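Encoded as structure tokens, the structure appears first; notes follow it.
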Amino acid sequence: MPRITAVRGDITQQDVDAIVNAANNAMRGGGGVDGAIHRAGGPAILRDCIDRFPDGLATGDAGWTTAGALPARWVIHTVGPNYRAGQRNPELLRSCYRRSLEVADELGVQTVAFPLISAGIYGWPLDDAITTAVETVAVSPSQVAAVTFVAFDDDIYGRIQRRLEPDRDGR
Ligand code: ADP
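Residue numbering for the sequence shown follows this note's numbering, starting at 447 and increasing by one per position.
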């Protein structure tokens, strides 16, 4: 069961063994955190995606590539459900976290940073995305020692912190 913390920042800058990408089924880059990871990591990530995932990935699944120029060693790509397009089964979102941690275990990594899967362009309601992320990682049998949720702004950071330490400020 990994130790869970949150930081406010940019996932591409995280000094961890693996960062998780909120990818799409095609796995050829995209907007949001996906675009940021491909831009910061350089063309090696896309080359790896094409070589290793010629048919892309199913929603809820995950797979790894190298991380190119990023400080992390690996990128674990997972495809969140597109809430805006009607994919609203929470099991698919839980599967993203479970599968990502299974892939992390295959890689033998100790530290993993996650963005909030599906909570951006795909439109999953923010607080539910946070609860699902924290609860799923908290009960994972993974060997990963530390999971960091990377919040892209202060509002998201505050919400994750309150979810991790609900008693701290009485909320
Ligand atoms: P999805 O398509 O799965 O919704 P997005 O990339 O649009 O994925 O958003 C997922 C989350 O990642 C959102 O909370 C968004 O604010 C956040 N995000 C976007 N860019 C970054 C980044 N560079 N580092 C960390 N989080 C990011």
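Here a beta-carbon is modelled for each residue, glycine too, at the ideal position from N, C-alpha and C. Every value quoted in this text rests on a predicted model; they were computed, and no experiment measured them.
What residue range is occupied by the uninterrupted beta strand (DSSP E) comprising residue 505? From DSSP, residue 505 is part of no beta strand (DSSP E); its letter is neither H nor E.
Which residues bound the beta strand (DSSP E) around residue 555? From DSSP, residue 555 is part of no beta strand (DSSP E); its letter is neither H nor E.
Whether residue 556 touches residue 504 by CB criterion (8 Å): no
How many Å lie between residue 515 and residue 524 at the Cα? 20 Å
Can you tell me the Cβ-Cβ gap for residue 536 and residue 578, rounded? I've got them flagged as a contact below 8 Å. 6 Å
If you measure between the beta carbons of residue 468 and residue 566, is that distance less than 8 Å? yes
Quick one: what's got a C-beta closer than 6 Å to residue 609's C-beta in the same chain, skipping five residues either side? 576 and 580
Based on DSSP bridge pairs, tell me the residues matched to residue 468. 524
Tell me whether residue 601 sits in a helix, a strand or coil according to DSSP, three-state version. helix
Count the other C-beta atoms from every protein chain shown that fall within 10 angstroms of the C-beta of residue 544, then say buried if there are 16 or more, exposed otherwise. buried
8 Å Cβ cutoff met for residue 572 and residue 605: yes
Option nearest residue 490 by Cα separation, candidates 582, 521, 509 and 563: 521
Count the other C-beta atoms from every protein chain shown that fall within 10 angstroms of the C-beta of residue 531, then say buried if there are 16 or more, exposed otherwise. exposed
List the DSSP bridge partners of residue 450. 593
Give the DSSP-derived three-state secondary structure of residue 514 in the structure shown. coil
Taking 7 Å as the cut-off, is the C-beta of residue 568 nearer than that to any heavy atom in the ligand ADP? yes
So, helix, strand or coil for residue 569, using DSSP? coil
Count the other CB atoms within 10 Å of the CB of residue 472; is the residue buried (16 or more) or exposed (fewer)? exposed
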